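Here is the structure we will look at, set down as C-alpha cells.
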C-alpha cells in the first residue's frame, strides 16, 4: 500500500495529495474492543472521532456540553451519556459508586459501541472508571494501577487508586444487563467478584 492508497482510505476512497487532518484528543487510547478513552474532545478532533464511527460518548464532566460538541453529536448520530462527577482534587472527596456503576452499565452494553469515554483531561475521572472496568475484566491491581499512572502522570492521585482498589464489582453487576455484555474472555460477571 503506497501513500496514495493510504490517502484514499482516509478520504473515503477518493485520492488526495494530502491526507485529511486527523488529530486525536489528548490522552486518546483504545481501552478494549470498541471502547476508547481521551481528554475532552475539541473541534480539531472531530474529523478523527468521525473516523471511529462512534455510536456513543460517555462524559464524566459536570458542566453542560458545549454547543459545537452537541452539534457534532447530532450531525453524526452519536448518543451522549453524561455522568457528572466532580474533579477529585481534594482528599476525601468521594467518587459516587452509583455513577460509576451506571457508567459501567453503559460501557458494557454492546448497543452503545463504539464508545468514547472522557473527562476534561482524560486522566483522573476517566482513569477511575477505566480502573473499575479493569476490575470487572479481572486485571490485577498492579496492572490496573500501572495503567492509571500512565495516563494520570505526573499527577497520580492516591485517593483515586484507593477508590479503584475498594470498588465492589458486585454492585456494578446488579445494573449491567448480561444480555448485551461484550464477548470478552476476561469479563468476570459472577457474584463472587
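Numbering (UniProt numbering), first residue to last: 1 to 193.
The beta-carbon is built from N, C-alpha and C at its ideal position, and this holds for glycine as well.
Remember, predicted model here, so these are calculated numbers, not experimental data.
Can you have a look at residue i and say buried or exposed, based on whether 16 or more other CB atoms are within 10 angstroms of its CB?
{"i": "residue 2", "result": "Note on residue 2: pLDDT 45, under 50, position unreliable in the model; no value is reported."}
{"i": "residue 173", "result": "buried"}
{"i": "residue 39", "result": "buried"}
{"i": "residue 80", "result": "exposed"}
{"i": "residue 162", "result": "exposed"}
{"i": "residue 53", "result": "exposed"}
{"i": "residue 107", "result": "buried"}
{"i": "residue 74", "result": "exposed"}
{"i": "residue 141", "result": "exposed"}
{"i": "residue 135", "result": "buried"}
{"i": "residue 56", "result": "buried"}
{"i": "residue 133", "result": "buried"}
What are the residues that DSSP puts in a beta bridge with residue i?
{"i": "residue 29", "result": "37"}
{"i": "residue 83", "result": "DSSP, once it has assigned bridges, lists no residue as partnering residue 83."}
{"i": "residue 58", "result": "81 and 117"}
Can you list, in chain order, the residues of its chain whose CB lies under 8 angstroms from that of residue i, leaving out five sequence neighbours each side?
{"i": "residue 152", "result": "123, 124, 127 and 160"}
{"i": "residue 27", "result": "37, 38, 39, 121, 122, 123, 126 and 151"}
{"i": "residue 181", "result": "108, 109, 110, 187 and 189"}
Looking only at its own chain, which residues have a Cβ that is under 6 angstroms from the Cβ of residue i, when we skip the five neighbours before and after it?
{"i": "residue 149", "result": "156"}
{"i": "residue 25", "result": "38, 39, 41 and 45"}
{"i": "residue 176", "result": "105 and 108"}
{"i": "residue 69", "result": "none"}
{"i": "residue 82", "result": "59"}
Can you give me the start and stop residues for the alpha helix (DSSP H) that residue i sits inside?
{"i": "residue 23", "result": "Here residue 23 belongs to no alpha helix (DSSP H), and DSSP marks it neither H nor E."}
{"i": "residue 98", "result": "97-107"}
{"i": "residue 167", "result": "Element bounds for residue 167: n/a, residue is neither H nor E."}
{"i": "residue 69", "result": "67-75"}
{"i": "residue 51", "result": "46-52"}
Using C-beta distances below 7 angstroms, list every residue in its chain close to residue i, excluding the 5 sequence neighbours before and after it, in chain order.
{"i": "residue 129", "result": "60, 100, 103 and 117"}
{"i": "residue 191", "result": "Bear in mind that the predicted position of residue 191 carries a pLDDT of just 40, short of 50, making it unreliable; the figure below should be weighed with that in mind. Taken in chain order, the residues that qualify are 170."}
{"i": "residue 179", "result": "none"}
{"i": "residue 50", "result": "76"}
Under 7 angstroms: does the beta carbon of residue i sit that close to some heavy atom of the ligand ZN?
{"i": "residue 102", "result": "For the ligand ZN, the structure offers nothing, since it holds no ligand at all."}
What alpha helix (DSSP H) runs, 4 residues minimum, are completely inside the segment 109-158? 124-136 and 141-152
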